[in-house]
Each structure stands twice: as structure tokens, then as C-alpha cells.
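A short write-up of the structure that comes next.
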């Protein structure tokens with residue numbers, strides 16, 4: 340069984356960002372008194388590291404300002420289980436290029452420490468579309484669970500809103516109504532993979548809008564594929 344190594348990282352947020360987050364969380368719990376955040380690195384190893392390899396890995400992951408001793412309830416925000424983050428891909432490549440062949444994968448989470456027991460804190464600390472909240476460092480082993488791909492599942496149009504909540508798609512009501520119209524027009528239900536692709540948010544708003552337009556165009560092509568729109572031969576047959 341692969342070994343999972345855990346290493347503390349630097350502060351994950353500046354005092355200014357923490358102050359803004361505290362202000363947001365106090366809307367949930369006015370009695371909230373403190374908040375801290377630090378990165379935590381999780382390394383999946385194919386074999387134990389030697390002393391020099393361990394020192395090299397720790398040196399690669401030594402960046403940023405050290406975090407003070409944390410206090411409060413732990414909310415460990417990690418990439419959504421079953422996904423591979425861009426940070427992980429880059430960090431793993433760097434480690435291997437530095438000769439750490441035993442490193443199978445490096446992943447990073449953010450450990451928030453909050454002095455509050457109020458419900459709703461976890462929801463305010465993460466994006467359900469791309470992240471998962473764990474309650475202990477031991478649970479981080481779930482990041483490296485290797486499971487076979489699941490088969491595609493159809494989502495009934497009548498269940499789109501429920502799927503939006505259960506899959507954490509964050510689709511707006513307008514987008515759900517658009518999908519209902521589009522899939523009724525092509526005469527079938529969407530799959531869970533299609534809904535996830537449609538909802539996937541790029542990093543900035545303009546790219547998100549471009550992505551949604553491309554996804555909408557793809558749905559339109561399913562309904563009216565190019566080969567069905569060939570011009571009559573007498574007008575210079577071509578695809579539009």
C-alpha cells in the first residue's frame with residue numbers, strides 16, 4: 340500500500356485576506372473570535388524516501404511565510420475528491436524532475452482553523468464545484484483513492500435541479516432552463532458528464548462565458564449536426 344507523507348506548509352492567507360474572511364464568517368457566527376489558515380502537503384510515495392530525498396522534498400515545499408501555531412476547529416479544504424488539481428500536476432512534475440522517483444503524486448490542501456462550532460462554516464470556506472472539506476488530516480488519504488471510472492449516468496430532465504445540488508454544479512436557474520429546452524429539443528436526457536462539463540468554471544469571468552458559449556454550441560450541434568446542413572449540389576455543396 341502506498342505511503343502518504345504529510346508536511347506542514349506556510350501561511351495560506353495574508354492578514355488582510357483573513358480579516359475579510361472573518362467578516363464574512365461572522366455573518367454566520369457573530370461570536371467567531373479567530374481564524375487561521377496554512378497549507379498542508381500530502382505526498383503519495385511508491386517507496387520510502389531516504390534522508391537526502393526527504394530533505395530535498397522538504398526544501399522544494401519550503402516557500403512562503405511560516406504559519407503560527409494554529410488554534411481552533413479544523414476545516415481541511417482539498418481539491419474535490421476524485422480530481423487532480425493543476426497545482427498537483429506541476430508540483431509532482433517538479434519533484435520527479437529533481438530525481439524524486441518515489442513520489443507518485445503531491446497534493447495540497449488548506450487547513451483552516453476556526454474558533455466556532457456554528458453550522459455553515461464549511462460551506463463558506465470552499466467551492467463545492469472544485470473542492471471538498473475534510474474534518475481531519477487522516478481523511479486526506481481519500482485524495483489518493485484509486486477507483487475504476489464510473490459508467491455514465493443519465494439525469495432525467497425533471498431531476499436537473501436535484502442533480503445541480505447533489506453534484507455541486509452551481510448552475511443558475513437560467514442555465515437549468517436552457518438545458519431543459521436544449522435536451523427536450525434533441526429528445527434525450529443529459530448525462531452526468533455533460534452536466535459537469537457545462538458547469539465547469541474557468542478561472543476568470545470572460546473565460547467562463549466563452550466556455551459556456553462553447554458548451555451551448557456543442558449542445559446545438561447534437562441537435563443539428565453539420566452533415567445534416569449540406570447545401571444543394573447546384574449551389575456549390577459545402578458545409579456551413
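In this note's numbering, the protein residues as written are 340 to 579.
Here a beta-carbon is modelled for each residue, glycine too, at the ideal position from N, C-alpha and C.
For residue 445, the enclosing beta strand (DSSP E) starts and ends at 442 to 453.
With a beta-carbon spacing of about 7 Å, residue 388 and residue 396 fall inside the 8 Å limit used to define contacts. Here DSSP, grouped into helix, strand and coil, assigns residue 373 to coil.
In the three-state DSSP reduction, residue 493 falls in the strand class (E or B). Within its own chain, the residues whose Cβ lies closer than 8 Å to the Cβ of residue 523, once the five positions on either side in sequence are excluded, are 496, listed in chain order.
Under the 10 Å beta carbon count, residue 439 is surrounded by 16 or more other beta carbons and is classified as buried. Per the DSSP secondary-structure output, residue 487 pairs with nothing in a beta bridge.
For residue 459 against residue 411, the beta-carbon gap comes to about 16 Å, at or over 8 Å, which does not count as contact. With distances taken between CA atoms, residue 409 lies nearest to 378 out of 511, 484, 378. Here residue 475 is exposed, its C-beta having fewer than 16 other C-beta atoms within 10 Å.
Linking residue 406 to residue 449 through their CA atoms gives a straight-line distance of about 12 Å. Around residue 443, the same chain offers 383, 385 as residues with beta carbons nearer than 6 Å, after the five sequence neighbours per side are excluded. With distances taken between CA atoms, residue 420 lies nearest to 468 out of 512, 468, 346. Burial state of residue 455 is buried, judged by a 10 Å Cβ sphere holding 16 or more other Cβ atoms.
Following the DSSP letters along the chain, one finds residue 348 inside the beta strand (DSSP E) bounded by residues 342 to 350. Checking the DSSP bridge columns, you'll see residue 418 partnered with 470. Counting C-beta pairs with one atom in each stretch, the segment 429 to 439 and the segment 354 to 374 have fewer than three that are closer than 8 Å, which means they do not touch.
Within its own chain, the residues whose Cβ lies closer than 8 Å to the Cβ of residue 343, once the five positions on either side in sequence are excluded, are 381, 382, 383, 384, 479, 480, 483, listed in chain order.
Collapsing the DSSP output to three states places residue 379 in a strand.
Under the three-state reduction of DSSP output, residue 464 falls in the helix class.
Sorting 457, 349, 510 by C-alpha distance to the C-alpha of residue 536 places 510 at the top.
For the pair residue 414 and residue 453, the CB atoms are nearer than the 8 Å cut-off.
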